[in-house]
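For the record, in the sequence shown the residue sitting at position 216 is 216 according to UniProt numbering, with numbers rising by one throughout.
All C-beta atoms in this analysis are idealised placements derived from N, C-alpha and C, irrespective of residue type, glycine included.
The model shown is predicted, which means the values in this text are computed figures rather than measured ones.
Each remark here refers to the structure printed beneath this line.
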Amino acid sequence: PLTIVANILVQNFFFFLGEQSINDVICGVIFLGARLYMQAMNQEKTNASSTALVLLNTRNIAGYKSIEEMVEPNTESTWGNQFGFLHVSVPRFTKKDSSNPLNFVFKAQKTIKSKRDSAAVYLTGQLLETLRRHRGPEGTAKYVRGTLKNSSMTISNISGPVDQLALANHPAKGMYFMVVGVPQSLTITMISYMRELRVAVGTEKGLIHPQKFQSCIEDAFNIMFKAAAESKSGSATPTQIN
Numbered sequence: 001p002l003t004i005v006a007n008i009l010v011q012n013f014f015f016f017l018g019e020q021s022i023n024d025v026i027c028g029v030i031f032l033g034a035r036l037y038m039q040a041m042n043q044e045k046t047n048a049s050s051t052a053l054v055l056l057n058t059r060n061i062a063g064y065k066s067i068e069e070m071v072e073p074n075t076e077s078t079w080g081n082q083f084g085f086l087h088v089s090v091p092r093f094t095k096k097d098s099s100n101p102l103n104f105v106f107k108a109q110k111t112i113k114s115k116r117d118s119a120a121v122y123l124t125g126q127l128l129e130t131l132r133r134h135r136g137p138e139g140t141a142k143y144v145r146g147t148l149k150n151s152s153m154t155i156s157n158i159s160g161p162v163d164q165l166a167l168a169n170h171p172a173k174g175m176y177f178m179v180v181g182v183p184q185s186l187t188i189t190m191i192s193y194m195r196e197l198r199v200a201v202g203t204e205k206g207l208i209h210p211q212k213f214q215s216c217i218e219d220a221f222n223i224m225f226k227a228a229a230e231s232k233s234g235s236a237t238p239t240q241i242n
């Protein structure tokens, strides 16, 4: 069973970015929160080996096509989700990182960037497509599930709309999503909406303390926010729980 904790609303998260990408910075902060949780639960296991599976969209969107165009024999449009994934080792949390948390995020960013810029993402995407063609959707799903099972956590994000949405003329204040039915013990999803970031955490019931993990993620964002503010000699609003 999966326990989904309340949303973590990160206001002004673009303040973190600088010249870095959203994925790199946010993943680095999530990794920091995971290490803080491990430290809080068992000091000796603070730097235990952990691997995150970062899911990436590899679909090339050149424009929208009608169904009639997509069912044509020689169409260049592909059906379904097109994605790849990266196996990223969560960096160790050192004493130097305690005094300079930005250093921890930079380490994570460097690791993610090196893997993202390699051919691994597109090779895994091609592997999944080959499996789909020769083994069908069930064989592909079995392979993906095995990959997820051998990961400590998965991280997935969606770029949401900049403008506010409404359902039946009722403005949507916020939104989040969660992947369920997966074999790993920890799932973290993120979605940007109206220039705010919402983070949802799904934990395996009885294994990970959901409120404690949520608190550690919140602490990680606040630590990074403070460090970034000090480095820029600016001021900002801290993370809030919604």
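Element boundaries [alpha helix (DSSP H), containing residue i]
i    : result
T154 : No alpha helix (DSSP H) holds T154; the beta strand (DSSP E) holding it covers 153-159.
G146 : 120-149
A108 : 101-116
As assigned by DSSP and simplified to three states, the class of residue i
i    : result
N222 : helix
F177 : coil
A228 : helix
Q240 : Caution applies to Q240, whose pLDDT of 46 falls short of 50 and renders its modelled position unreliable; the model cannot decide the point.
L53  : strand
P171 : strand
A48  : coil
V29  : helix
Sequence-distant residues of its chain with Cβ nearer than 8 Å to residue i (five each side left out)
i    : result
P183 : R145, L148, K149
F177 : I158, T189, I191, A200
Buried or exposed by the 16-neighbour rule on C-beta atoms within 10 Å, applied to residue i
i    : result
S192 : buried
A166 : exposed
T203 : buried
N157 : buried
G33  : buried
T187 : buried
L123 : exposed
Residues that residue i bridges to, as DSSP identifies them
i           : result
Y193        : E196
A40         : In the DSSP output, where bridge partners are listed per residue, A40 has none listed.
L186        : T203
H209        : BP columns for H209 are empty, so no partner.
S89         : T51
I217        : Bridge partners of I217: none, in fact.
residue 263 : Here the chain comprises residues numbered 1 to 242, so residue 263 is not present and cannot be evaluated.
T3          : T203
Same chain only: Cβ atoms within 6 Å of residue i, ignoring 5 sequence neighbours per side
i    : result
L102 : A227
S159 : S192
D97  : N103, F104
S50  : V90, S152
L86  : V54, K115
T3   : T203, K205, P210
A172 : L165
R92  : N47
Residues near residue i in its chain [Cβ-Cβ closer than 7 Å; skip 5 each side]
i    : result
F213 : Y37, V201, T203
A62  : Per-residue confidence for A62 stands at a pLDDT of 49, beneath the threshold of 50, marking its modelled position as unreliable; no derived number is given.
C27  : V54, A108, I112, I155
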